[in-house]
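Following: one structure in structure tokens, then a few remarks.
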Amino acid sequence: MFSSLGSYIWASPEAQSPIEKVTFTINKKTFEVNSSTIPVDTSLNTFIRQHAHLTGTKFMCLEGGCGACVVNVSGPHPVTKKRTTLAVNSCLLSVLACHGLDILTVEGLGNKADGYHPAQLRLAHFNGTQCGYCTPGMVMSMYSLLEAKEGRVTMAEVEDSFGGNICRCTGYRSILDAFKSLAVDANEKLLDACRDIEDLGKVCPKSGQVCAGSCPTAGEAQQPIRMIFADQREWHKVCNVSEIFTIFSQIGEKPYMLVAGNTAHGLFRRSDQLQVFIDVNSVYDLHTFALDEKLTIGANVSLAEFITILKTTANRNSKFSYCADLADHIGKVANTTVRNIGTIAGNLMIKNKHNKFPSDCFLVLDAIGATVTIAESNEVSFSVNVQDFIETNMTKKVIKNVALPALDPSVFVFKSFKVMATVQNARAYVNGAFLIKFNSSKDCVESARICFGGINPKFTHAVATENLLIGKNLFDNNTLQAALGTLANELDPDWILPDTSIEYRKNLAVSLFYKFVLSIVTEDGRFPLRPAYKSGGQMLQRPLSSGKQSFDTIEKNWPLTKYVPKIEALPQTTGEAQFINDLAPQPGELFAAVVLATEVHSKIVGLDASDALKLPGVELFYSAKDIPGVNNFATAKLQLSEVEEIFCSGEVLFHGQAVGIILAETFELAQKAAKLVRISYEKVSDRPVYATVKMITDNDNRDRFVESATKKSGELSATKIVKGRLELAGQYHYHMETQTCICVPLEDGLDVYSSTQWMDLVQIAIADSLRIPMNSINVRVRRLGGSFGGKALRATQVACACALAAHLSRRTVRLVLPMETNMAMIGKRIGNIADYNVEVDQNGKIIKLENDFIQDYGNSINDTIEYIIYRFFGNCYDSKGWKNTGKSVKTDAPTNTWCRAPGSTEAIAMVENIMEHIAHETGLCPLDVRMINLQKDHKMHQLLPQFRKDVEYDSRKRAIEDFNASNRWKKRGIAIVPAQFVTEFLGTLNAIVSIFYGDGTVSVTHGGIEMGQGINTKVAQVTAFVLGIPLEKVSVKPSVSFTSPNSFGTGGSITSEAVSYAVKKACEMLLDRMQPIRKDNPNATWETIVQKSYAKHIDLCAEAAFSQLDIPEYLIPALGCAEIEVDILTGNVQVLRYDILEDVGESLSPGIDVGQIEGALVMGIGYYLTEALVYDVKNGALLTNRSANYKPPGAKDIPVDFRINFLRGSSNPLGVLRSKATAEPPFNTTVVVLFALRNALRSARKDAGLPDVWIPLGAPTTPDKILLLAGNTIDQYLLN
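Dropping the structure here:
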């Protein structure tokens, strides 16, 4: 059998026979897989988690965009045979492509038993973890960088290496500081911060030194592999090009794929129809490079290695000096982990198959005149230019190499640009690459290559512009204007959502060519260039970021008020901290996938799962008809006013509504099966689909309002009337752990492991939907991988669906929503549109104010925030006589929900926008307008002027004015915003404190949910402080519904305080019980007191509860100052500095609170500047539904200078141990980035000759909106 298979594939018995297994190691343990043990499409991530049972490696996006799945891979280079080590996305890399490789996961790097790696220790010490879901990926990315650089990394290299690692919690600063402390050029501040880290590093038994990780064990593997799977799909590993063509000759018309890094799957999903996979990673000829008259690089060279080759070549040969710019551009492709395994050929093939894709490799190679060599057989190869390559039919052909020409730097000039939503890890809005050949005196163009991506699938070269320039002086204003006009005429962008607008992409392409010309004007003065224009030739230049934190700590109260690492930090850095999907699989366990409806305003008349159920391993399907109880997860028992169905039983309310759940043996099979369920619809309405409140207002569709609009008071009359509108769109929570639930049937009910912020709600809703008693349902939550409000009410639907499946099947069911499903099915931040009409006097004092706002609630108004807006709209101002009226609007979208600082964010943005508008209309200083409108005797009267002085606002503002006067195409702005947060304590939360008499250790469990905010760390600190014991003696246990029944949901920044209050009460009860023992033994140790108390039969377990009446509401003042820089030619924004001052009282845990503030600020910056939700205007589908196109801030989008200041000497007599809540007020201040941006744009518009009119800015103000507001016109694009 084996020999016949070999003959079949390799055509001759003399050829080396392939083996039928793949061998590799994970954490030094050898694994072998073959066609009978795993499916052909098994990813390394799936194998690590489901087969090796190592759950430290997470997954979320499944497309290489989030970094949660990063592991280290090492093995021999196909050419040099030198051992290479890389960080890779395990969700993309096929496990079958790992033959001969050593895989290292976070568990193998370091752990509690064996010791920790320095990267783990530093990250924990610097409080670089919050929820901890991203942490293993962060650690492995840093470890891989250290290994690749042989331990010698710079701080700049660290900062550049985390573009593919998303963290929603921390704001990145603490992560970067932790890892930069390992750099060879780490500054003294960073080194001082880690001098007291306990040396717990692993010691290598071979070297005796601190271990870097795992010694290599897998051997070199050059033998071909062939495996035939039960479904007749095939996997081949080949070692040379001829073997590829041998396989081509044998597979007939079977769909095939050449496999390297599989990174294209992160952009365009791999077809389920593929039958043959050919692993080309070990093909020697595809990895070589040579430099002679040309630089020839093998097509299978990774993008990371491509960059290294380009930089090296640029340094060695002046005719290839342009390769340095080429390397910089390739460094903007995707992220480090994708570039480590993504290849030149892979990137080009995406462009070949998907012409619309703005491939950076294709663009720059086309611009320089590179050629592609293609083999169509063992004997026949041919070369084409890059432009012709995308039209080439590549069926059964192989890209062998790309050849880059030598370009004499005395006459050739090359530059390229990429404009994207975030600094790293994003597709281009538009990218441009330009190559000009001059005569020797540079005053005449001999040839031009002007290339763009992101315009339309058929357009790359601006041919008319290229031709126009030949024979002309590019550095002449008339020539430049003619070229720009010609370019504008030949640009014809298409528009397919979620692309940015035609107008933006056209204007951007023109401005990029102008930027190119500015960048190449010679320095010798022969071609005059106005100095103010010069900086326009560069993209925004980002320095190395840094941060400062200022806070009080009271030593006598330690561990309270002490900066301590999060108590779960080390387990998070090692992957030992478990999340719900990390729970060990149960016998007979099934994976679930949700089936979604897609036709809005239609009635479901039939569900047919027969095709799905025919797939081997697909077991069951359930829908609304199978629910034994109430088909509603929004229980009226918690005053939720509208029914929200678990599964749609009638009219489809939005694209992505759940209609059923299908169960299968694997996650991948369940997802595949869900797509095969056929839904029959009957149209019930021809109403247009409006997914957002803006769609409704733009179309003046008043019937969507829950209550009709009311007429306001008559016309205003005053010194000044200020009118305007503020539009705030939604925001995805982007919790790294998607909605997840595991339900385990028990003899008396269900264990429910739900990623919920609100155990009580989950318990009630499941009981009602299954018609079983609440006491048969045990809801258990150890921790959440982030939430930000997204798992408050919305997690309940997922839990109910999972519980139904487990209840009916009597098997354990695991339901983990893929990111796309999560984004389609679950609502976002509630959008808001406000119209205001304000009467002010000549001093900016508000005489009368009317604000009418509309809230976008999606398809129900259960998660209302209107009452919060009323509470916060006044902010710190005298709001007597203000009229603030809200209306609710239903849209064809999932129910929108609470998102970090709900209501307060919108309210403060509205009123602060009004203050800015008043200042603009009156010509007054915005801070003076605020001061004159403050409440009498408000603390802000002292705080705002002092903050203004502390941040050097006035001198910086003058410096910015000088900068703006000297720079036409770069502008800066600065602004300050005050915010007043009003706490509101709700519900009840309990805590149980237990002391163990054997050693005096203490455990605590409570009704709050740890989701990254550090609640358990604060609880441990309070426990240790009140009991007077070391922090190390305290352990905080998971939250469980039967020990913490009837607990209110965790959120609103109040739960840490509320639970700490309950813990304090319980500890005081215990101390009271033990007081007689203490009195009789005044010098005894804690352990002795405990043992003697036990001997006296004293109960060493105490339960106490917080209720909303225990802590009165109090105010939290905060101030934010942002300084930004804008590239007026692209619309890109950089936050140069952000200062915040917040009154946190006596912080229970400064390290925790600093992290909460930083995370909130960066999330707010994303809300206002980068995160765009784009919907299909016809069917309401969310189009920005993946990590590939929804862009929260990354590590290089945070403020360059990040300063956190706690109000010194503050104490809160109303709070728990004199503390205050911290996490939401910072988010409220982040609207200040819009105000700073507006000030920058005003300068740009002034230079453009436009009147100084009010510029409406809202959320999000992305680069496309900014550029179109800047007032640029082609006639302004001059040299002098």
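All you need for the working numbering is the position in the sequence shown, starting with 1, plus 1093. Backbone N, C-alpha and C define an ideal beta-carbon position, used for all residues, glycine too.
| query | result |
| --- | --- |
| 7 Å Cβ cutoff met for cysteine 1287 and serine 1267 | no |
| Residues bridged to asparagine 2083 (per DSSP) | Ala2198 |
| N-terminal and C-terminal residue of the beta strand (DSSP E) that glutamine 2227 is part of | 2226–2235 |
| Under the three-state DSSP convention, the category histidine 1192 falls into | coil |
| Alanine 2377 to isoleucine 1870 span [Cα, whole Å] | Coverage of the chain is limited to positions 1094 through 2373, which leaves residue 2377 absent and any answer about it impossible. |
| 8 Å CB neighbourhood of threonine 2263 in its chain, flanking five on each side removed | Ala1514, Thr1515, Lys2284, Pro2285, Pro2286, Asp2290, Pro2353 and Thr2355 |
| Helix, strand or coil at valine 1745 according to DSSP, with G and I counted as helix | coil |
| Completely contained alpha helix (DSSP H) runs for the region 1470–1533, where each covers 4 or more residues | 1479–1482 |
| Buried or exposed (CB count within 10 angstroms, at least 16 for buried), valine 1473 | exposed |
| 8 Å contact criterion, which valine 2133 and threonine 2098 should meet: CB distance rounded | 7 Å |
| Neighbour-count burial assignment, glutamine 1935, 16 or more Cβ in a 10 Å radius | exposed |
| Supposed contact pair isoleucine 1112 and isoleucine 1318 - C-beta distance, whole angstroms, cut 8 Å | 5 Å |
| Sequence ranges, beta strand (DSSP E) only - wholly within the region 1573–1644, length at least 3 | 1639–1643 |
| Sub-7 Å separation of leucine 2360 and glycine 2144 beta-carbons | no |
| Cβ-Cβ separation, leucine 2212 to proline 2071 (assumed contact under 8 Å), whole Å | 5 Å |
| Residues near leucine 1283 by beta carbon distance below 7 Å, same chain, minus five either side | Asp1270, Lys1273 and Ser1274 |
| Valine 1394 versus leucine 1419: straight-line alpha-carbon distance, rounded | 15 Å |
| Asparagine 1871 - DSSP class collapsed to helix/strand/coil | strand |
| Inter-residue spacing [alpha-carbon to alpha-carbon] between lysine 1659 and alanine 1217 | 7 Å |
| Serine 2240 beta carbon less than 7 Å from that of aspartate 2246 | yes |
| Beta-carbon proximity of phenylalanine 1747 to aspartate 1985, cut-off 7 Å | yes |
| For alanine 1766, three-class secondary structure by DSSP | helix |
| Pairwise C-alpha distance: aspartate 2340 and serine 2242 | 49 Å |
| Collapsed DSSP secondary structure at tyrosine 1963 in the structure displayed | helix |
| Collapsed DSSP secondary structure at glycine 1257 in the structure displayed | coil |
| Range of the contiguous beta strand (DSSP E) that encloses lysine 1387 | 1387–1391 |
| Terminal residues of the beta strand (DSSP E) in which leucine 1147 lies | Premise fails: leucine 1147 is in no beta strand (DSSP E) and is neither H nor E. |
| Heavy atom of the ligand GDP within 6 Å of glycine 2287 beta-carbon | The ligand GDP is absent from the structure shown, which contains no ligands of any kind. |
| Distance, isoleucine 1467 Cα to histidine 1329 Cα | 21 Å |
| Length at least 3, wholly inside the region 2080–2141: the beta strand (DSSP E) runs in chain order | 2081–2088, 2095–2099 and 2127–2129 |
| Start and end residues, alpha helix (DSSP H) containing threonine 1540 | The identity of residue 1540 in the sequence shown is serine, whereas the question assumes threonine. Element bounds for serine 1540: not the alpha helix (DSSP H) but the beta strand (DSSP E), 1538–1549. |
| Residues that isoleucine 2053 bridges to, as DSSP identifies them | According to DSSP, which records beta bridges pairwise, isoleucine 2053 is partnered with nothing at all. |
| Ordered list of alpha helix (DSSP H) runs contained in the region 1888–1931, each at least 4 residues | 1888–1902 and 1912–1918 |
| Check whether arginine 1261 and tyrosine 1827 have beta carbons under 7 Å apart | yes |
| Assumed close pair asparagine 1600, asparagine 2365 - CB separation to whole angstroms, cut-off 8 Å | 7 Å |
| Whole-number beta carbon distance between leucine 2276 and proline 1591, since they are thought to touch under 8 Å | 4 Å |
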